[in-house]
Structure formats: C-alpha cells, structure tokens
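Each remark here refers to the structure printed beneath this line.
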Amino acid sequence: GTTIRQVGVRAEPVEIFFSSGKKGPATRQNTISVNVGRKTIFLVSAMGKDESGQKIEPVELAFQEKYGNILTHRWFGDGYLLVAFTTGWVVVISTHNKEMHEEVHSQQYHDTTCTGMAYCESLNRMACCGANSVKIVDMHGQECEELKNEAIELEHGQITENIEYTKDGQVLTVSTRGGEVHTFLASLPIIHDFCDTKVAYLTSLLELSVTDVLTKEHYPVAIETEPAFVALGPNHVATGMNNQAWFYRLDYDNHQPALRVNQRDYLGTVEDVRLNERYAAVLSEGRVQLHFIEANADPSEEGDLIFPEQGPNMDLTCIAMTQSFLIFGSKRGIIHYFYLGDEDRALVNEYRHEEGEIKKLFPNQLGTRCVFVDSQLQVLLFNPVNDQVLAVPDFSGQVTSCLWDTVDPNVFVLSDGRLFHVYVYVPVAINGAMVNMVGTTTQYPGFTPVQLYNGLLTCQLKSGNLESTVLTSHSAIQPGVERNMTLEVAKKRFFQHLNLLHFKEAWEMALQIKMPELWTRLRDSSLFHMELETAMECFRLAGNPSMVMSLERIRKVEDKNLLAGHITVLLEQDYNVAQELFLKSSQPLAALEMRKDLKQWDQALKLAKQLKPEELGLIYREYGALLEMRGDHEMALSCFERSVQHDPSDVANAQLCKAGVARCTLHTGDLRRGRDLCLERNDIALYRECGSILESLNQLTDAAEMYERGRLFERAAAIYIQTKSFGRASPLMAKINSPKLHVQFARAKEAEGRWDEAAMAYELAKDTDSVVRLLLKHLNNPQKAFALVRRTRSTEGAVMVAKFCQSSGDFPAAIEFLLMARRQDEAFELAQVHEAMDTYAQIVGQAGQVEDYEKLADYYEKKQEHAKAGDYYEKCGKYPQALRHYLRCGATKIDAAIAVVGRAANDSLTNQLVDFLMGETDGIQKDHNYLFRLHMALQQYEQAAHTAVLIARQEQELGNYKVAHAQLFDTYKELEAQGKRAPSELSRQLLLLHSYVLVKTLVKLNDHAAAARMLERVAKNISRFPRHVVPILTSTVIECQRAGFKKTAFDYASMLMRPEYRKTISEQYKRKIENIVRKPDKEEFVEEEAVCACPFCHAQGPETDLECTSCKNVIPYCIATGRRMVLNDWAQCPSCRFPCRASVFVKIVTLEKNCPMCSQQIILSQIQKMADPLTALKQQQAMLQRGEREAEPELDAQQPAPQPES
C-alpha cells in the first residue's frame, strides 16, 4: 500500500495501462501509459529510474490534429502502442528509444466515427467498431492487414457502442446503444491430426475438412457437435468431447459424404485418440482402450482390449499408433509395443526408461523409431529393434510437437514454439547410430505444425486455415528448384542432400557441379556412414584405384562392426576404435590381423594370447625385431628366445630367431657367444649385420672378419688398412671398386717401396697423376706414361710428362704435353726456340683459341710462309690479311681465297679477288671456273649460273661436250641444293648437250629412231657445235636414214652439199649422201613422229616436243631417251633424282652400269617406278619456290617442271 511515485499530468487521466515492452517482465511492468485528456499519451516509469539507477524522464506522445480525440489505446507486440481515435483513425506507434514518436502505421478504418477498439494477444488481431460495422485487422509487428472478408455488418440503424475479445480469442462481443449485445465466433479451436499426406482440421464448429497437402483436395465431414479432439486414420476420422467419440468412414475415391460407423462412450474423459486402418486406441484416465473402429466389425465389443487391466498400474500417460503397433508410455517410464496382427495380437516389446515417466510419444510411420519426452524434458530417440536409446542433441526447450517426414523415414522435426529443429536419424555409421541436427527454421507466432512432407511443413494458423512453409534444411531440394539453378544454389542443394543422408542425390549434384572439394566431402561422409558404393564412385573420379580396390574387397561384408572396423583402418583413424569394432564383430581375429599389418606387435601379442596362441611364435619374433630396432636389446633377446621356445618345430622361424639372438647377444656385450652363434648360422646377411655391430663396438678385427665372410670386401679392406693389416688386405683389393681404398693401399705400398704394386693400386683408384709420377720417377717407363696422359688428358700428368720430355730433349713431345696442360705460352715459346712451330700448329689444330691462331699467323708472316699465314689469319677471322697472303701464293691458293671472300662477304675483298681473277693485278687472266666458284661462294647464284653457261659454251665450242655437260649438271645440282631455280638458258643448254651425249648410248641399244630424234634436236642448233658441224650433220643423215626418216635425212643431206661443208665430208659417207640428194624418194617423205600424253592435261603430242600445246606446261624429259616423261613408266635416277622412263633406264644401266646424266654407278634394284609422280613434282617445285620467289618470264625446259595448271 506504499505510494512509490506520484506524477502530475496536464489534464484529466482517462485510462491507464502497464506496458508490454521488449526488455523483460521487470522493465515491461515498470512503464505506464496514460490517456491524458484524450489528447496525448503520457509514458512514465513507475520507479522513475532504470536498473542502473539513471533517472528516466516521462515522455508525452502527441498526434496530428486530423486524428481527433483519442478514444482508447492498447499495448501489443514488442513495445508497440495501438491508438484508436474517435474520427475512425487507428495509429500504431513504437516506444523504442530509436523510434520514439515515429508512426509505424496509420489508417482510417471508419469514415465518420470509431466507438470502440479491442486487441486479442492470442490471435494477434485488432477489432474496431463504428456506426453499424466491425473491422478486423491482422497485426504483424509493423505490418497491419485488414481482413475485409471477416468484417461484420450489423443491421441498419444499430449503432455500436463497445467491443471486446475473450482471452482465448474465440469469441468477439459487440454492444450497441440500443442495449443489444452481439456475440460472434472469432476463431475456431485449434485441433487437428494427420495421416500420410492428409490433414484433418476444424473449418466450422460443425464441420471438419480433410485436405491433401499435395493435391490440395478438400473432403468435408459434417459432425454432430463441436469437438474437443480429432483423430485421422487412413480411411476414418474420429471426433468427440468429454467421454464420447464418433467415428466416420471417409470415401475419398467416390467423393461420397462421410458415414458415421460407430459411436462410443468411455468410462472417463477422453485424453487422446489414435487410429489406424482397423483399430482405434483411446487414452482415458491412465488406461488405453483398443477396439475396432467400425461397430459392425465387433458388434458385441468383446474384442476390446484395455491396458492395463484393472489394478494399481493405471498410469499410462501417452499413446501412439501405427499400422502394426499400438505404442503407449507410462509414469513408471515403460514404453510398451503391442502388435496389431490380423490374427495375433500380443505385447512384443517393453522398454524401461530409468530416468522418469514417459510424457510424450512420437513414432515414425512404421513405428520402428520413436521419439519420446521424459519427465525431465529430455528428448530421446528409441529403437525398438535393439532397445537402443539416443539423446536428441542441441534441444533445450520444451517439445510442443514432433513430426516425422512422411517421405524421408529418418527425418523428424521438433517444435518448441519458437523454432523448428530438424534432425536426421543415422542408423548406420562408423561410430554407431546417432541423431544429427541439420538445421533450424523460425516458427512464426500462431503457426502450429500439422504435417511434414519432404521438408514442406504444413501448419495450422489460429484462424483455422492451413499454410505451408519450407524448412531451411530443405530449401534447395524442393521440386522446381533445379530450373535455372545457380552455382551457389547447386552447392547448397548438394550439402542439404548430404546432411539428410541422400547420398544418391548428392552424388548426382556433385556430378553436375564438378568441384573436387565436393567429391571429398561426399567421399568422407559416405565412408563415415558406410555407403561404400558412393564412396567407391568418388574414389574412381579422384583417380584413386587402390582405395576402390580396398573398398571392393569389403563391400559385401554384412557385419556392421566388422565393416566399420575395416573403414576405420582404411581412413587411418583411431586404431583402438577399430580394434574394439573388430572385437565386437563376428570376426574378432581381424583385430589381430590389423595389429600385425600395422606392426604394432605389443598389441598383437596381447590379442594373440586370447584369440590365436599358435601365432605367438611369429609375433614374438617380429616384436623382437621391432625392439631390436628401437635399441631395447635385452627385451628383444628375450622375445627371440621365447619365439624359439614356443614353436621349436618351425625351422625357418628358428633360424631367423637364432640370427636375432646372435645380434642381440653381441649388443649386450657377450661377444664370444655372439660370434659363435653367428659362425654356427653361417649366413651372409647375418655376417654383415654382426660385422656392423662389432664395428660399432670398436671390435675392428672381428668386424673385418665378419665383413669378409659376408663378402663386404670393401668394408673389410678398409678396416684391414686402418689397422695396418696389409697382408690380409692384399687378397681383397682385386675385388674392390672404391678409389679411396685403393689410394690408401697404394700409399702404403709406395711407402714400402713396392712401386709396381703401388702403381697398380693407383691405377685401380684412377689416380692417373700418381701413376704417371711412378712411371717416370721409379719405374722408368715413360712411353706408358705418355700413353696414359694422352688417354686421360690429365693436366698435372701432362705437366710432369712435359718436364720429363724437356729434360730428355724431346721438344715436340714437350710442346704436345704443354698444350695438353693448357700452358700455351710456354709451348709457343718452346716451339719458337727449337724451330718446332709446325708441330705446335699441328697440335693446336682446330681446337685452338683466337690468340693461338694470331700468334701462328704472325710467326708465319715473319717467316714469309704466306700460305700458312693466310690459313691462320682466316682462322682468327682476319680476312683481309688472309686474302693478301693467299693472293701472294698465286694460283695454288685461289680456292682458299675464294672461300675467305665468301665467308667475309665484304665488297672490298670481293673486288680485290675479282681484279686478281680477271688479270688486272698480274696481267694473267685466270680460269673462268674460279669466277664461277666465287659467285657460288658469295651466294650470287644468278651470276654463278650465267658464268657456268659461259664456261660450258666455251668448252662446247672447243668440242669438249662432256666437260660442258658436267659443268652445267654440277651447276644445276648446286642451285637445286641451295633451293634455287636454274635459269632457263642453263636448262636448255643442258638438254641440248645431254641429247648429244645420249646418241651413242641409244645407238648401242639399237634404238635408231630415238638416236635420230636426238641428233635432229642437236642439228637444229648446229651453230652451237662449230667444231663438229659436218660430223654431226653426217651422223644425223645416217641415223635418220636408218630410222626411215627420209625427208629429215634429205634436208640435212642437202645442207651438207653446201660448198662450205661438202669438201669436209668423210669419203666413207660422201657418195651415199650425194645419192640421197640426187635421187630422193619423195613418196616416203611423210614422217609422223610417235605421240604420247601430256602428264598434266593428258593431251597427245609428239614425244620429243617438251612443251604441251594444250596446257602450255613444260613437260619433264627422260634422261634415258630425251623424250617426254609418261606417268605409267615414271622413275628417278637414284643418284641425281632426274626423271627417267624406268623401262629404258634399266636397259641403259644394264648396258653401261652408269646414269647417262650424272655418270654415277647405279644399282638396278634401286630403280623403282613412282606411284604418284605429279605429287613429287609439286613438292619439289614448292621447295624451289620457297628458296626463290621470282617467276621466270618464259617456259623453261629445266628439271623438275613447273607446277602444272589444272
């Protein structure tokens, strides 16, 4: 009754309320709101200060004048004020410090006046009245939505006075000025049940609706009275209140109205009802009554069962039912499973929970898993198959509901009124069964969960309607998400499938995304949950065949503990866990095999004593080897001895153990016994091991003996040399490859004065310098020393030999070895002093440095030896000096001068050499061949070709036809080798000369027609053969006469009768030629040359005509006949690659052995016809065109022919 605080206001207070703020009950009840004079809202702290003692000043909230007077106000939500005005306006304002004075929402719901306003916290709705209407507004924090379809209109003339909700929000009452009171149903009772995808809920006080959440089909059920509970089964629905229940059959398929099939009265008030296809279970006053749903199934009710029967244990607290089981829990903490078979019904399982009574039961559809809540509000999952109970993690609230997913049997959701907690039950994992939390979703106020289908949670609102929401743990795996899916959504979809243990779907997503880290996550999760197929696919994609093969070997293992143990070993995780799993499995020996594979012999020893004593011998031996390696030799010795004692009959094991005993005996200091044991075993490997042990113990003599017996000769010899036991080392040296040991042995022998043995040892050690030293100083064998140094190129050895040669007067040898020792200056000085410079130059050869060549050039220049001076000036790159000395040598060094000029590519030097060749220097003109070679050296191929033609023409005029032919052929091949096209003049002259050269060969082959045609070709150019005009024309007449070419013979015979030729005709043929002219047979003057096809266009033409009149291409000629080439007989000379007719070329080679073009000897087997000669022509032509791009203005007769035109 004590007054805490008193505050004055400006006007009369109309109404007063305590706030419902954000900071908790104490602060919420500390703030008071006052409607002051219907103008302002006055906010004042009841205590006047906050929790820290700071003073809180009052706040007065004023509103816009258009709103009018304040009718009333209410607190709602998180510190919001709902203010109604007489003008019909309603305003929502926040009282938070940051939002003070800010209007969150304002709207005029009534046009003229507002007479009353009420707010229902349970519905979160506001109702306001004015005139003859009532408006309903749904409040969601800052959002307000008018529910126009729920507005209430009174009869005209009735004016509302006030309005109010009941506390539970089900009834809304409106009073009028006429004294009437109207009561309306504002909301329906929140009762519902579900079965599979169907939900039953109240849509009016006398109607139920059964809705399929997938198809959205509604099935109405008319009922007799307002129900207090509802239960839904596969084909029935039950409603009731107090101790009564009504049962209806549902005809979904035929859409017939629901038919009531039973009505039952129970002894006590019904607390819960559950249905399956046939039975109904009713919980009432601590007992469960089980009966048939339909009355006609058991008219006498004799089949009813009651649990428990009459007695003191009537303490059942909760029930649940599946198709096969009735499940109920008691205050004593017992969960009962009662089987509902078609013929047999029996209690099949009882589980006693020691920690308190069973408050709630939530089984899955089959009843194989059941979530229950005990009196301590623990949430647990029970597996009736093995009575395993698992704690549900990360849940600390009070369970208001629990739903199992109707699609995913291992997923369930817990609700605490604020959040939906999503869990997945893991039945199989390496660590055993478990429950994992996979996510939470906010539970909006008024949302009561009803049914869960594949992550789609259906809730009933306070208005009675159903609304579905997607759990955040399933947001990315809902149908339709896969369309236009981004990478982030795809990854989220993958992880949600993985968290929910949907390994097949996670695998498909990983295939689409193709990210290595996802394969790793999927692989690890699959192995942990023992999904081997998926894990194997992941390892295949990762390119790990060994893991695939390992998993394949255990894939068919059915024992879960055995399989989990194998996977734990493969993952190299806790081997103790793997051992426990193996020991729990049907094959406990796998634990022993694991320890043996891991070489954990101490653990294997313990297991073998219990599981397989016959393996103790092997394990003792292996354990002894491990202890020996660690240095615990006494324990190792004990293990080896126990191994032998355990199984003496195992000879192989005994031998190995005796070796171990020998080693450990030596380690422990018993050298005599250890040595005797080693000699008794007589094993090479043991000898080596014992030798190493004795060496570490500094027992060198015994160690060397063991090494020698173990054939480690190098180590034995090293110890013998170290201990100066050279006599024992000597027999071993031939078996040793170590240079270091040989050097040590050689030094010892040298110290003893045994030079031959020392030299031999040094040679085995590859110590060349020491060998040379002994050969020169002690063994008097200098020639062997010289040969050794020449072979090894040893610098120090070369110095020693050079000094020896100087002392003995062998200066050429001394120069050689000084150069070998890279002492060029000393060698040059010695060569100068003793006139041995030629020797020095010969040894320097091509491997010298520029400085060496300059010294030589300077030396020979002073000696007036111009040829040698020029050579060495050229080698050091001083081309002007080299050319000057070469020209002083005259004709003997012209070729060298040409090479220098070609290498220098200097115009001045070129002009200097040209002047010399043209005779302007000494008045003597040199051979034109030198000028040709100069042009070739300078890569002036056009000038070189022109010069070659001039030279050949000179030789031709002198009658040296073969020389001219060779000159042209060599030039042609040189140009071809340089990738250059031979000029047409060169090609034509080569063709002409070759035609003349062929005549004799063709006559030998008795082919007078071909010989006549070749001579005719020559005779047409007889001016180019001035030395032999008459002989050539005579031969032409004779061969044409023989070939039957009468007209051609007459023409050239007439030419011979000219005065300038007639006198020089051979007397042998003179009369015959005169007769041809005097008595011509003009009837036989018709001559038709044989024709053949052009290889390019296949047009026919004379055989000796090398230009096709049709395609204008130049046709390659045959070097064997001088005629056109033909495709079906095309070959090449194996040497010069000129084309030839294979048939004729074979005859010529058979006759003369040589090619008529290049004069090289030819092997007949190398002559092969070409399958595709035109392609070869094109390739050769392309090669020439790459070397030279300019085109010839006229058609050439060169070889090969230009690329044909199609």
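Counting in our numbering, the sequence shown runs without a single skipped number right up to 1211 at its last residue. All C-beta atoms in this analysis are idealised placements derived from N, C-alpha and C, irrespective of residue type, glycine included. Please read these numbers as outputs of a predicted model, since none were measured by experiment.
Near residue i, what residues of its chain come up, given a Cβ to Cβ distance below 8 Å and the 5 sequence neighbours on each side ignored?
i, result
"G29", "The predicted position of G29 is uncertain, since its pLDDT is 44 and thus under 50; no value can be drawn from it."
State the DSSP-derived secondary structure class of residue i, mapped to helix, strand or coil.
i, result
"K883", "coil"
"A1136", "strand"
"H241", "strand"
"M122", "strand"
"D410", "coil"
"L1111", "coil"
"G334", "strand"
"Y712", "helix"
"A987", "coil"
"C416", "According to the sequence shown, residue 416 is Val rather than Cys. Here V416 sits in strand by DSSP."
"P194", "coil"
"K663", "helix"
"V176", "strand"
"L705", "helix"
"N441", "strand"
"M842", "helix"
"C894", "coil"
"S473", "strand"
"G162", "coil"
"F1150", "helix"
"E1275", "No answer is possible for residue 1275: the residues shown for the chain start at 6 and end at 1211."
"D830", "helix"
"K808", "helix"
Can you list, in chain order, the residues of its chain whose CB lies under 7 Å from that of residue i, leaving out five sequence neighbours each side?
i, result
"A2", "The chain is shown from 6 up to 1211; residue 2 falls before or after that span and cannot be answered."
"H502", "I482, E510, A511, M514"
"G622", "S648, H651, D652, D655, N658"
"F809", "L781, P787"
"G93", "Q113, Y114, H115, D116, T117, T118, C119, G135"
"H672", "H638, I698"
"I1070", "V1035, T1039, L1061, I1078"
I'd like the list of long-range same chain contacts for residue i, defined as Cβ closer than 6 Å, with 5 residues on each side in sequence excluded.
i, result
"M825", "A803"
"K601", "A609"
I believe residue i touches residue j by the beta-carbon criterion, under 8 Å. Please report the beta-carbon distance rounded to the nearest angstrom.
i, j, result
"G451", "N129", "6 Å"
"H223", "S209", "With 8 Å as the limit, H223 and S209 do not qualify as a contact, their Cβ atoms being about 13 Å apart."
"S590", "L567", "4 Å"
"T1126", "R1146", "6 Å"
What residue does the beta strand (DSSP E) around residue i start on, and which one ends it?
i, result
"H502", "No beta strand (DSSP E) holds H502; the alpha helix (DSSP H) holding it covers 492–504."
"I559", "That residue, I559, is in no beta strand (DSSP E); its alpha helix (DSSP H) goes 550–559."
"A1104", "That residue, A1104, is in no beta strand (DSSP E); it is neither H nor E in DSSP."
"L321", "321–326"
"A89", "85–90"
"L793", "Premise fails: L793 lies in the alpha helix (DSSP H), 787–797, not in any beta strand (DSSP E)."
"S214", "212–217"
"M131", "130–135"
"K203", "203–209"
How would you write the range of the alpha helix (DSSP H) that residue i sits in, first residue to last?
i, result
"S654", "S654 -> no alpha helix (DSSP H), and no H or E assigned at all."
"D681", "676–686"
"K601", "594–602"
Any Cβ of chain D within less than 8 Å of the Cβ of residue i?
i, result
"R693", "No chain D is present in this structure, which holds just one protein chain."
Assess contact between the region 81–98 and the region 51–60, defined as three or more Cβ pairs (one per stretch) separated by less than 8 Å. Is contact present?
no
Three or more C-beta pairs under 8 Å: does that hold for the region 542–551 against the region 570–585?
no
Counting Cβ pairs, one atom from each stretch, are 3 or more of them under 8 Å apart for the region 829–842 and the region 809–818?
yes
Given 8 Å, three or more beta-carbon pairs between the region 1130–1145 and the region 988–996:
no
Below 8 Å, can you find three or more Cβ-Cβ pairs linking the region 437–444 to the region 576–585?
no
Pairing CB atoms from the region 177–194 with CB atoms from the region 156–164, are three or more of them under 8 Å?
yes
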